[in-house]
Amino acid sequence: MSLPKKSKIILLFLLISLTVISGVYNYIMKPPKNIASMKINFTGTSNEFIKLVEESSIEWLGKIVILEGLVTSKDAKGIMLNNRIYCQFIDPTEIKVFQQKIKIKGRFIGYDDLMSELKLDQCDFQN
Amino acid sequence: MEIRWLLRKLDLMNKIFLLLLFTTFNLVSQTYLTRTGSTEFKASVDAFEPIKASNNSTTVILKTNSGNLAAQLFITAFKFKVALMQEHFNENYMDTNEYPKAIFIGNLNNFNLSKISEVKQYSLSGKLMIRGIEKEISTIANVNLDDEKIIISATFSVSPQDFNIKIPYAVRKKIANKINISLKYELTEKK
Numbered sequence: 001m002s003l004p005k006k007s008k009i010i011l012l013f014l015l016i017s018l019t020v021i022s023g024v025y026n027y028i029m030k031p032p033k034n035i036a037s038m039k040i041n042f043t044g045t046s047n048e049f050i051k052l053v054e055e056s057s058i059e060w061l062g063k064i065v066i067l068e069g070l071v072t073s074k075d076a077k078g079i080m081l082n083n084r085i086y087c088q089f090i091d092p093t094e095i096k097v098f099q100q101k102i103k104i105k106g107r108f109i110g111y112d113d114l115m116s117e118l119k120l121d122q123c124d125f126q127n
Numbered sequence: 001m002e003i004r005w006l007l008r009k010l011d012l013m014n015k016i017f018l019l020l021l022f023t024t025f026n027l028v029s030q031t032y033l034t035r036t037g038s039t040e041f042k043a044s045v046d047a048f049e050p051i052k053a054s055n056n057s058t059t060v061i062l063k064t065n066s067g068n069l070a071a072q073l074f075i076t077a078f079k080f081k082v083a084l085m086q087e088h089f090n091e092n093y094m095d096t097n098e099y100p101k102a103i104f105i106g107n108l109n110n111f112n113l114s115k116i117s118e119v120k121q122y123s124l125s126g127k128l129m130i131r132g133i134e135k136e137i138s139t140i141a142n143v144n145l146d147d148e149k150i151i152i153s154a155t156f157s158v159s160p161q162d163f164n165i166k167i168p169y170a171v172r173k174k175i176a177n178k179i180n181i182s183l184k185y186e187l188t189e190k191k
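One line per chain: the protein sequences are V and E, in this order. According to this note's numbering, the first sequence is numbered sequentially starting from 1. According to this note's numbering, the second sequence is numbered sequentially starting from 1.
As structure tokens, this is what we get:
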């Protein structure tokens with residue numbers, strides 16, 4: 001309280017600039033969005049989605065989808081839906097839960113020519 | 001009597017022939033693959049914010065009889081620590097919407113599946129295609145067989161100019177001229 005007026009102003013100025021700097025820094029260094037907080041662009045069956053991607057795969061790049069389909073095979077990191085869509089899981093331990101018909105949420109990353117498959121990453125179960 | 005015996009013998013020989021053909025065919029067409037291979041790159045310059053990203057969704061196929069190897073990854077699946085960096089990478093540098101993938105087609109030269117119980121070095125050469133531009137790549141890969149998986153690791157470097165990636169003057173000092181790419185793929189046999 002007994003600080004001279006000049007010091008108070010300097011202190012206030014420092015405080016404000018620190019807040020601004022940390023705000024800007026946090027904005028610049030923000031980590032990529034989690035898919036949980038992103039807008040869902042498609043909800044439907046695997047077969048419907050396959051059709052849409054065959055029409056135009058570019059349009060769906062990076063889009064978040066919720067798909068319902070049949071698990072046709074599994075590996076250590078993901079599952080195959082309807083023999084055509086490979087879904088890579090965020091948490092591979094989830095894969096152990098075996099259900100044939102499932103609903104998953106994931107991000108479409110592209111059409112894989114090598115395997116003739118659609119590929120999703122950051123998947124998790126939606127049941 | 002003798003004819004019947006001859007016929008039976010022929011039948012047996014046929015079966016053996018078919019069996020042999022089938023097994024050799026199986027050997028010839030052995031394929032190992034992964035859909036979740038890891039490809040990383042670093043373009044950091046000392047004293048600046050590290051610029052690196054990893055892609056854990058690389059598809060890789062290896063034909064074990066010939067050593068032919070094909071790899072494909074989606075640019076959009078590269079993960080950065082910082083969202084802005086990821087955005088700039090996709091939108092300004094890689095034009096991901098126009099060129100969504102990178103492809104490598106090449107060969108592990110003189111590859112021999114029976115000789116990789118211990119880590120062995122093979123020369124890996126081929127064409128890397130990014131942004132529709134091809135570049136010859138040649139490096140050394142470490143290959144070994146571990147728990148029925150073929151593990152391939154290698155590093156090589158490219159420069160942004162190779163693929164006509166223009167870097168604005170303002171950030172030129174922060175992005176290395178030599179981008180180091182390292183890969184680690186664990187392939188399992190296709191059944």
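We put the CB at the ideal spot given by N, CA and C, even for glycine.
Closer than 7 Å at the beta carbon, the chain E residues around residue i
| i | result |
| --- | --- |
| L114/V | T59, I61, A70, Q72 |
| D184/V | The shown model of chain V, from 1 to 127, leaves out residue 184/V, and the question about it has no answer. |
| I28/V | L84 |
| G69/V | What G69/V touches in chain E: nothing, since even the nearest Cβ is about 17 Å away. |
| I109/V | S57, F74, T76, A77 |
Helix, strand or coil at residue i [DSSP, three-state]
| i | result |
| --- | --- |
| Q86/E | helix |
| K127/E | strand |
| L73/E | strand |
| R107/V | strand |
| S46/V | helix |
| N41/V | strand |
| A47/E | coil |
| I3/E | helix |
| D113/V | coil |
| N97/E | coil |
| K101/V | strand |
| N14/E | helix |
| N34/V | coil |
| K79/E | strand |
Residue i - containing beta strand (DSSP E), residue span
| i | result |
| --- | --- |
| G69/V | 64 to 74 |
| N55/E | 52 to 63 |
| R35/E | 31 to 42 |
| I85/V | 85 to 89 |
| I79/V | 78 to 81 |
Residue i, enclosing alpha helix (DSSP H) - first and last residue
| i | result |
| --- | --- |
| V24/V | 5 to 28 |
| K119/V | First-last for K119/V: 117 to 125, but that is the beta strand (DSSP E), not the alpha helix (DSSP H). |
Closer than 9 Å at the beta carbon, the chain E residues around residue i
| i | result |
| --- | --- |
| I58/V | N97, E98, P100 |
| P31/V | F80, K81, V82, A83 |
| G23/V | What G23/V touches in chain E: nothing, since even the nearest Cβ is about 15 Å away. |
| L52/V | None at all; the shortest Cβ gap to chain E is about 16 Å. |
Per-residue contacts from residue i into chain E (C-beta, under 8 Å)
| i | result |
| --- | --- |
| I79/V | Going along chain E, no residue has its Cβ under 8 Å from I79/V, so there is no contact; the nearest lies around 11 Å. |
| Q88/V | R35, T36, N56, S57 |
| I64/V | Result: empty, since nearest Cβ-Cβ is about 12 Å, beyond 8 Å. |
Amino acids of chain B, ordered along the chain, whose beta-carbon sits closer than 7 Å to that of residue i
| i | result |
| --- | --- |
| I85/V | This model lacks chain B altogether, as its protein chains are V and E. |
Residue i burial status per 10 Å Cβ neighbour count (16 or more: buried)
| i | result |
| --- | --- |
| W5/E | exposed |
| V65/V | buried |
| P168/E | exposed |
| F13/V | exposed |
| K105/V | buried |
| V53/V | buried |
| T34/E | buried |
| I40/V | exposed |
| Y27/V | exposed |
| A53/E | buried |
| T96/E | buried |
| Y25/V | exposed |
| G132/E | exposed |
| M94/E | buried |
| Q126/V | exposed |
| P100/E | buried |
| G23/V | exposed |
| V60/E | buried |
| I9/V | exposed |
| T19/V | exposed |
| M29/V | exposed |
| S57/E | buried |
| Q122/V | buried |
Within chain V, the residues that residue i reaches when beta carbons sit closer than 8 Å
| i | result |
| --- | --- |
| Q86/E | P32 |
Output the residue ranges of the beta strand (DSSP E) runs that lie fully inside the segment 104 to 187 of chain E and measure 3 residues or longer, sorted by chain position. 120 to 130, 133 to 146, 149 to 158
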